[in-house]
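Novice:
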Amino acid sequence: MQNNSDDSQQTSAASKAYEVLRDMILNGDLPSGARITEGKIATMVGVSRTPIREAIQRLEHEHLIVNKIVVKPTETELRHTFQVRILLEGYSARCAAMFFTEKDFESLAEFVKIGRTGSLDEIMRANEQFHETIVRASNNPIMIDIIESMKSIIYLFSRTVVTRERPFLIDEHETIYETIKAHDADKAEQLMNQHLQADLDFSLHFINN
Numbered sequence: 276m277q278n279n280s281d282d283s284q285q286t287s288a289a290s291k292a293y294e295v296l297r298d299m300i301l302n303g304d305l306p307s308g309a310r311i312t313e314g315k316i317a318t319m320v321g322v323s324r325t326p327i328r329e330a331i332q333r334l335e336h337e338h339l340i341v342n343k344i345v346v347k348p349t350e351t352e353l354r355h356t357f358q359v360r361i362l363l364e365g366y367s368a369r370c371a372a373m374f375f376t377e378k379d380f381e382s383l384a385e386f387v388k389i390g391r392t393g394s395l396d397e398i399m400r401a402n403e404q405f406h407e408t409i410v411r412a413s414n415n416p417i418m419i420d421i422i423e424s425m426k427s428i429i430y431l432f433s434r435t436v437v438t439r440e441r442p443f444l445i446d447e448h449e450t451i452y453e454t455i456k457a458h459d460a461d462k463a464e465q466l467m468n469q470h471l472q473a474d475l476d477f478s479l480h481f482i483n484n
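The opening residue of the sequence shown carries number 276 in my numbering; numbering runs sequentially from there.
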């Protein structure tokens, strides 16, 4: 019978494998279309194949891997992802305008500032935190979980938007922040929808070209 120590080591190995694989995909070290070879990754991470399989299952749940191949989202899949984001994040922006605290406003302002002055990694993280903070304003655990399950695939699209310097990206963040701070719920929802639609249109350009 496996003891608790063995279980803990197995869980730790699976978590390590998951983090390494996820980071390789998100950073582009494993590009879209790359096949995941369990033995090669196991050697690289320094674990057995079992935790690698567990890591792959988690990444399949996050829609980053399908049949051991790094996903290459189609135009349809991209549109579907953003349809969900627009519905949920637009509503969340409305909630933020009604319920945000002064601390929340300070956080959004800081994320906007980093978006203008930070390094690429800092901007990526600030972009992620900007949206996460607004989503939490929904106070709806189901909605938050849905967005959380899409987090990695959203990051891939966000990386395209940030690294290729989509025009007006941070200007839009700042306008959304100002509208939320002004407690204009209708406008906040509208601006978030337009912001994400612009992200979608920009990403589609690189899928189709």
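By construction, the Cβ of each residue, glycine as well, lies at the ideal position given by its N, Cα and C atoms. Remember, it's a predicted structure, so these values are computed and weren't measured experimentally.
Between the segment 425-434 and the segment 381-389, do at least 3 Cβ pairs fall closer than 8 angstroms?
Specialist: no
Novice: Which whole-angstrom value describes the C-beta separation of Ile398 and Ile389, a residue pair presumed to lie in contact below a C-beta threshold of 8 angstroms?
Specialist: Right, their Cβ atoms sit about 7 angstroms apart.
Novice: Rounded C-beta distance between Ser367 and Ala401? I'm assuming under 8 angstroms.
Specialist: Not really, about 17 angstroms apart at Cβ, beyond 8 angstroms.
Novice: Alpha carbon to alpha carbon, what distance is there between Gln332 and Ile455?
Specialist: 38 angstroms
Novice: Could you tell me whether the segment 471-483 touches the segment 432-451, using the rule of 3 or more Cβ pairs below 8 angstroms?
Specialist: Result yes; three or more Cβ-Cβ pairs closer than 8 angstroms.
Novice: Taking the CB atoms as reference points, tell me whether Glu377 and Leu479 lie closer together than 8 angstroms.
Specialist: Not a contact, by the Cβ cut-off of 8 angstroms.
Novice: Among residues of its own chain, excluding the 5 on either side of Phe374, which ones have a beta-carbon nearer than 8 angstroms to its beta-carbon?
Specialist: Same-chain partners within the cutoff: Ala412, Asn414.
Novice: Using a Cβ-Cβ cutoff of less than 7 angstroms, which residues in the same chain neighbour Ala460 once the five nearest sequence positions on both sides are dropped?
Specialist: So the qualifying residues of the chain are Arg369, Ala372, Met373.
Novice: Taking only the alpha-carbon atoms, compute the straight-line gap between Glu381 and Phe443 and give it to the nearest angstrom.
Specialist: 21 angstroms
Novice: With DSSP as the reference, label Leu471 as helix, strand or coil.
Specialist: Three-state DSSP puts Leu471 in a helix.
Novice: When we look at the beta-carbon of Ser433 and count the other beta-carbons within 10 Å, is it buried (16 or more) or exposed?
Specialist: buried
Novice: Buried or exposed for Lys344, going by 16 or more other Cβ atoms inside 10 Å?
Specialist: Strictly speaking, residue 344 in this sequence is Ile, with Lys absent from that position. Exposed, because fewer than 16 other Cβ atoms sit within 10 Å of the Cβ of Ile344.
Novice: If the criterion is Cβ atoms closer than 8 angstroms, does the pair Ala289 and Ala330 meet it?
Specialist: yes
Novice: Output needed for Ala457: all residues of its chain with C-beta closer than 8 angstroms, excluding positions within five of it in sequence on either side, in chain order.
Specialist: Excluding sequence neighbours, Ala457 sits near Ala372.
Novice: Is DSSP giving Arg391 helix, strand or coil here?
Specialist: helix
Novice: Is Phe481 a contact residue of the ligand ZN, with contact defined as CB to any heavy atom under 7 angstroms?
Specialist: Ligands displayed in this structure: none; no statement on the ligand ZN is therefore possible.
Novice: For Lys462, I'd like the list of residues in its chain whose CB is within less than 7 angstroms of its CB, leaving aside the five on either flank, ordered along the chain.
Specialist: Thr454
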